[in-house]
Structure formats: C-alpha cells, structure tokens
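Counting in full-length UniProt numbering, the final residue of the sequence shown is number 223, and the numbers go up one at a time with none missing.
Quick reminder that beta carbons are idealized off the backbone N, C-alpha and C, glycines included.
Bear in mind that the values here come from a model prediction, so they are computed numbers and not experimental data.
Following: one structure in structure tokens, then a few remarks.
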Amino acid sequence: MGITIRIWIEGANVSRFFRRLPLEDANFRHTYAFRKVHTYFKEKYDVELDKSGSDVTRLCFFSFDPDLFIREETTPFSVSYTDGEAALARQTLRTAVYSYAAEPTANQKFNPLGKNSQLNRTEVQAIIRYLSRRGLSITYSFHNWYQVSYAIANTFTYELGMKYFLSLSKLDGRDYNERGSRNMIDYCYANSMGKFTFATVVFFAKQNGYKKEKEVPKVEEML
1 MGITIRIWIE GANVSRFFRR LPLEDANFRH TYAFRKVHTY FKEKYDVELD KSGSDVTRLC
61 FFSFDPDLFI REETTPFSVS YTDGEAALAR QTLRTAVYSY AAEPTANQKF NPLGKNSQLN
121 RTEVQAIIRY LSRRGLSITY SFHNWYQVSY AIANTFTYEL GMKYFLSLSK LDGRDYNERG
181 SRNMIDYCYA NSMGKFTFAT VVFFAKQNGY KKEKEVPKVE EML
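Laid out in structure tokens, this is it:
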C-alpha cells in the first residue's frame with residue numbers, strides 16, 4: 001500500500017500522473033515528492049501546480065468533466081534524495097506557513113461546546129510537567145506534531161489550545177519554531193474534522209512512560 005500523488009491540470013491533455021510511495025514517514029515523503037513534481041512541471045511545461053497539494057492531510061475536490069481523457073499506461077516519476085536533502089526538507093516542514101484556508105473563524109476558535117474539560121486541562125498540564133522534567137517530547141516528528149495539534153484544537157478553545165500546543169512544541173528544543181507552531185495550530189482549528197481526540201495526546205505521552213498523576217495540580221499551575 002502507498003500514497004498516490006495525482007495531478008490534474010485544467011485545459012491540458014493530462015489526466016493522471018502518479019508515483020506510489022511507502023507509507024513510512026508519509027508526510028515527509030509526500031511533501032518532498034510533491035516539490036520535485038512541482039519543479040518538474042514548472043521547468044518542463046511552465047505549468048504552476050497548486051501548492052496546496054503538498055499538504056498530505058488536504059481533502060481535495062475535482063470538477064466533473066465528461067470528456068476527461070485517462071491514460072491507461074503511465075510512467076512512474078521516480079523521486080530520490082540524499083540524507084542532506086532529507087534533513088533540510090524535514091526541517092522546512094516545521095517552518096511552513098499553512099496559509100491555504102488556514103484562518104479559523106471566531107466560532108472555530110472560541111465555541112466551547114464539548115471543549116475545555118477540567119479533567120483534560122488537568123491532564124495536559126500533568127503531561128507537560130512529566131515531559132519537561134525528563135527532557136522528553138511527543139511532537140518530535142511531523143507525524144506526531146500535526147496529530148497533537150489536531151487533538152489540541154479538538155479539545156480546547158483557541159487561547160488554551162495555543163498555550164498548550166506551544167508548551168508541548170517547545171519541548172522539541174532547538175527544533176522548536178514558534179511561527180511554524182502557531183501556523184500549524186491555526187491550520188488545525190480551521191480544518192479539523194474531529195478525527196483526533198485528546199486520547200491522541202495521552203497515547204503519545206504513555207509511549208514515553210507517562211502515567212496519570214494522582215495528585216491535584218497546584219493552583220498556580222492551572223493555566
């Protein structure tokens with residue numbers, strides 16, 4: 001099983017162009033491959049592809065075309081990279097500006113329905129304390145980072161969610177990028193469909209040895 005990159009060009013006699021990639025580290029591989037394809041089409045055909053396709057989580061819709069031509073045979077577009085190129089691409093994933101439909105509405109930000117549970121507030125603070133005291137992180141990979149961001153956006157209203165997400169992201173140390181983190185949480189508030197819940201945060205924390213604290217947090221630690 002793999003990821004399929006499909007590119008549709010309006011007005012061009014091209015219907016499908018794809019390359020299957022392993023699911024391992026899907027976000028990095030998808031983004032890197034898309035950039036290669038984007039450059040290829042620009043240099044060879046002077047066609048500018050929609051860059052929103054570089055987001056693996058983006059749900060896309062296509063208009064109906066009764067005269068669409070589909071090629072039965074296709075040529076794979078091979079993508080390879082050096083360790084240095086991979087390291088650079090992974091870093092830029094965290095600093096990307098998620099500007100495509102990434103401005104959340106007031107309702108998406110501040111509607112408290114089903115959010116801000118005191119139990120969840122208490123536990124996320126306990127998780128942050130646990131990780132911080134041990135120099136651990138649950139957002140060290142892009143895969144974990146965006147899932148935690150979606151989970152926070154689904155669990156807390158905007159101000160609380162931003163505070164908790166930045167606190168968790170800061171645990172990445174030198175890989176932490178505040179602007180990229182703010183862009184990511186904005187993106188998740190604007191685009192979340194409830195797929196990830198607070199259980200995602202707890203799951204990643206437990207993978208790092210976290211166990212629910214029995215004591216009640218101190219008043220001054222309540223955010």
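Whether Y210 touches I128 by CB criterion (8 Å): Working through the sequence shown from its first residue, we reach residue 210 at position 210. Working through the sequence shown from its first residue, we reach residue 128 at position 128. Taking 8 Å as the Cβ cut-off, Y210 and I128 do not qualify as a contacting pair.
Is F196 near A151, with beta carbons less than 8 Å apart? Taking the first residue of the sequence shown as position 1, residue 196 is located at position 196. Taking the first residue of the sequence shown as position 1, residue 151 is located at position 151. Against a cut-off of 8 Å, the Cβ pair of A151 and F196 comes out as a contact.
Mind checking N120: buried by the 16 CB within 10 Å criterion, or exposed? Residue numbering aside, residue 120 sits at position 120 when the sequence shown is read from its first letter. Taking all protein chains in view, the Cβ of N120 is crowded by 16 or more other Cβ atoms within 10 Å, so the residue is classified as buried.
In its own chain, which residues sit with a C-beta less than 6 Å from the C-beta of Y130, not counting the 5 before and 5 after it? Residue numbering aside, residue 130 sits at position 130 when the sequence shown is read from its first letter. Only residues of its own chain outside the window of five on either side were considered, and among them Y210 have a CB closer than 6 Å to the CB of Y130, listed in chain order.
Do L168 and L136 have their C-beta atoms closer together than 8 Å? Taking the sequence shown and counting its residues from 1, the one referred to as residue 168 is at position 168. Taking the sequence shown and counting its residues from 1, the one referred to as residue 136 is at position 136. Cβ distance not < 8 Å, so L168 and L136 don't count as in contact.
Would DSSP call T200 helix, strand or coil? Numbered from 1 along the sequence shown, position 200 holds the residue referred to as residue 200. Reduced to three states, the DSSP call for T200 is helix.
Measure the C-alpha to C-alpha separation of F203 and Q108 and round it to an integer number of angstroms. As a position in the sequence shown, residue 203 is number 203, starting the count at 1. As a position in the sequence shown, residue 108 is number 108, starting the count at 1. Going from the Cα of F203 to the Cα of Q108 covers about 25 Å.
By Cβ distance, which residues of its chain are closer than 7 Å to S181, with the 5 residues on each side in sequence left out? Your numbering for residue 181 matches position 181 in the sequence shown. Scanning its chain for C-beta atoms nearer than 7 Å, with the 5 sequence neighbours on each side dropped, one finds around S181 the residues F165, L166, S169, in chain order.
Which of the three DSSP states, helix, strand or coil, is assigned to residue 236? Residue 236 falls outside the range modelled here, since the chain spans only 1 to 223, and no answer is possible.
Tell me which same chain residues have a C-beta within less than 6 Å of the C-beta of W145, skipping the five on either side of it? Counted from its first residue, the sequence shown places residue 145 at position 145. Excluding residues within five positions, the ones whose Cβ falls inside 6 Å are T139.
For the alpha helix (DSSP H) containing N111, list its first residue and its last residue. Numbered from 1 along the sequence shown, position 111 holds the residue referred to as residue 111. For N111, no alpha helix (DSSP H) encloses it, and the DSSP letter there is neither H nor E.
Please classify S78 as buried or exposed, where buried requires at least 16 neighbouring CB atoms within 10 angstroms. Taking the sequence shown and counting its residues from 1, the one referred to as residue 78 is at position 78. When all chains shown are included, S78 counts as exposed.
From V201 to Y32, what does the alpha carbon distance come to, in whole angstroms? What you label residue 201 is simply residue 201 of the sequence shown in a count that begins at 1. What you label residue 32 is simply residue 32 of the sequence shown in a count that begins at 1. Taking the straight line from one Cα to the other gives about 27 Å.
Given K206, which residues of its chain have a CB within under 7 Å of its CB, disregarding the five upstream and five downstream residues? The residue you call residue 206 lines up with position 206 of the sequence shown. Within the same chain, K206 has no close Cβ partners at all.
Could you give the DSSP three-state label for K163: helix, strand or coil? Against the sequence shown, residue 163 aligns to sequence position 163. In the three-state scheme derived from DSSP, where H, G and I count as helix and E and B as strand, K163 is classed as helix.
Proximal residues to Q147 (C-beta, below 6 Å), its chain only, five neighbours per side dropped: Within the sequence shown, the letter at position 147 stands for residue 147. Once the five neighbours on either side are set aside, the close Cβ partners of Q147 are F196, T200.
Assigned exposure category for N116 - 16 Cβ within 10 Å defines buried: Against the sequence shown, residue 116 aligns to sequence position 116. With fewer than 16 neighbouring CB atoms inside 10 Å of its own CB, N116 falls in the exposed class.
Near T105, what residues of its chain come up, given a Cβ to Cβ distance below 8 Å and the 5 sequence neighbours on each side ignored? Along the sequence shown, read from residue 1 onward, the residue named residue 105 stands at position 105. Cβ within range, chain order: A190.
So which of E103, A153, L160, F69 has the shortest CA-CA distance to Q125? In the sequence shown, the residue the question calls residue 125 occupies position 125. It is L160 whose Cα lies nearest to the Cα of Q125.
Out of D46, K44, T155, which one is the CA nearest neighbour of S192? Looking up residue 192 in the sequence shown gives position 192. A check of alpha carbon separations from S192 across D46, K44, T155 identifies T155 as the nearest.
Which of the three DSSP states, helix, strand or coil, is assigned to L141? Position 141 of the sequence shown, counted from the first residue, corresponds to residue 141. The sequence given here places Ser at residue 141; Leu does not occur at that position. Coil at S141, not helix or strand.
When the distance is taken between beta carbons, is I185 closer than 8 Å to S132? Start at 1 with the first residue of the sequence shown, and residue 132 comes out as number 132. Start at 1 with the first residue of the sequence shown, and residue 185 comes out as number 185. Result no, Cβ atoms of S132 and I185 do not sit closer than 8 Å.
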